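Visitor: Could you have a look at this structure, given as structure tokens, before my questions?
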Amino acid sequence: MSLWMFLAHFFLISITPRRGIKCRRPSSYIGEAKERRMEQAKHAIAAEIPRLRRYARALSGSDLEADDLVQETLTRALTHIEQWQTDESPRKWLFSILHNHFIDGVRRTSRRPLHLSIDAGDAVVIDVGGDAGLRHDLDQGLQGLSEDQRQVLLLIGLEGLSYAETADQLNIPIGTVMSRLARARDRLRVLMGCDISEVDVVIHASVPAEQVAS
Amino acid sequence: MTPSTAKTATGFTEINQDLHAYVDGELPIERVPLVEARMLADPQARVLVKALHVQRAALQNHYKLASDCPRTRALLALVERWPGDGIERAPCG
């Protein structure tokens with residue numbers, strides 16, 4: 049076999065696809081990575097649903113409205129999934145979407161005149177001061193707060209966010225968070241008819257918060 | 005975090021943001037003994053801290069996490085379907 053024939057044979061072997069070995073194009077790796085990222089995003093977002101529902105319920109004061117709010121949040125999140133950085137929890141991002149959607153809704157409602165049915169008539173009662181049952185209802189108490197106060201109170205008291213995280217979430221200074229929080233808690237106590245002097249005070253300085261609360 | 009005080013509209017107590025920060029676990033550890041000393045010395049501070057704990061616990065007890073209910077499952081399905089044939093509105097559960 050001449051040298052030329054040997055080289056031609058070697059060349060033919062090297063360009064013939066071998067069985068069992070798939071040649072993969074770079075795009076297939078990109079596709080897989082994207083798919084993996086999507087799967088990761090899906091699980092991370094799904095895990096936040098109960099928390100989103102809880103917050104939305106407390107924020108809106110209505111289960112139906114809350115579920116619509118969460119649904120819209122999920123829809124927006126999934127549509128704009130590329131905005132989420134996968135190396136961090138989607139919680140902050142999802143809460144931001146929910147917040148923005150809630151605020152948009154509040155603005156829309158405030159611009160629109162109140163629609164009342166003809167039969168509603170005297171049924172619309174704004175003043176809840178005389179209704180003892182209502183005064184003790186936490187839902188109603190929360191709805192008696194301003195939007196700003198309610199958001200801060202729920203993010204810190206219910207969702208356990210730090211003051212700094214809350215400030216970041218709402219895009220306000222930390223001092224504003226603290227003052228809104230103090231006013232919100234005070235207002236809620238008043239709305240729920242909790243007379244602070246009636247609270248049985250048996251507290252020691254070293255008792256952890258969990259024990260005090262129980 | 006600097007101590008600050010303000011009178012409430014109802015005037016029944018003084019709000020001290022340090023006490024709020026204490027209840028929320030925000031206060032740096034070196035400041036906690038100061039707050040505790042104040043609580044021991046000031047009955048109103050103790051009452052306020054107790055009330056804050058009660059309110060925080062009431063909020064968390066009232067709004068529990070519902071991880072399994074028809075509506076949560078419907079919302080979950082919304083995520084599960086994605087990014088299949090597009091995003092649909094989940095039915096009310």
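Just so you know, the sequences run in chain order A and B.
According to our numbering, the stretch in the first sequence is residues 49 to 262, in order.
According to our numbering, the stretch in the second sequence is residues 5 to 97, in order.
Note that beta-carbon positions come from the ideal geometry of N, C-alpha and C, so glycine has one too.
Computed from a predicted model, the values in this text were never measured in an experiment.
#1: Once DSSP output is grouped into helix, strand and coil, what is the label at B/Asn20?
#2: Any beta carbon of chain B sitting closer than 8 Å to that of A/Leu206?
#3: Is B/Val58 near the ligand COA, going by C-beta to nearest heavy atom under 7 Å?
#4: At least one CB of chain A closer than 8 Å to the CB of B/Leu63: is that the case?
#5: Can you pull the chain B residues whose beta carbon is under 7 Å from the beta carbon of A/Asp115, in chain order?
#6: Look up A/Phe54 in the DSSP assignment and say whether it is helix, strand or coil.
#7: Does any residue of chain A bring its CB to less than 8 Å from the CB of B/Asp46?
#8: Taking 8 Å as the threshold (beta carbon to beta carbon), is B/Leu69 in contact with chain C?
#9: Using a Cβ-Cβ cutoff of 9 Å, what residues of the segment 204–233 of chain A are near chain B? List them in chain order.
#10: Taking Cβ-Cβ distances below 8 Å as the criterion, which residues of the segment 84–98 of chain A are in contact with chain B?
#11: Determine the chain B residues that contact A/Gln197 at a beta-carbon separation under 9 Å, and present them in chain order.
#12: Can you confirm whether the segment 229–236 of chain A touches the segment 183–197 of chain A when touching is taken to mean that 3 or more C-beta pairs between the two stretches lie within less than 8 Å?
#13: Name, please, each residue of chain B whose Cβ falls closer than 9 Å to the Cβ of A/Ala106.
#14: Can you check the segment 18–91 of chain B for any alpha helix (DSSP H) of at least 4 residues that lies completely inside it and give the ranges in chain order?
#15: May I ask you to report which of helix, strand or coil DSSP gives A/Asn219?
#16: I'd like to check one pair, A/Ser137 with A/Ala92: are the Cβ atoms closer than 8 Å?
#17: Thinking B/His66 and A/Leu186 are a contact (beta carbons under 8 Å), I'd like their distance in whole angstroms, please.
#18: Within its chain, find whatever has a CB closer than 7 Å to the CB of A/Thr224; leave out the 5 residues flanking it on each side and keep chain order.
#19: Can you name the start and end residues of the alpha helix (DSSP H) that A/Leu190 belongs to?
#20: Which one of A/Phe143, A/His128, A/Asn219 and A/Met53 has the shortest CA to CA distance from A/Leu107?
Guide: Let me spell this out:
#1: strand
#2: yes
#3: Of ligands this structure carries none, so the ligand COA is not represented either.
#4: yes
#5: Arg75
#6: helix
#7: no
#8: Of the protein chains in the structure, A and B, none is chain C.
#9: Ile204, Gly205, Leu206, Gly208, Ser210, Tyr211, Ala212, Ile222, Gly223, Met226, Ser227, Leu229, Ala230, Arg231 and Arg233
#10: Met86, Lys90, Ile93, Ala94, Ile97 and Pro98
#11: Those do not exist, as A/Gln197 stays about 13 Å from chain B at its closest Cβ, beyond 9 Å.
#12: yes
#13: Leu63, His66 and Tyr67
#14: 21–27, 36–45, 47–66 and 74–85
#15: coil
#16: yes
#17: 5 Å
#18: none
#19: Leu186 to Gln191
#20: A/Phe143
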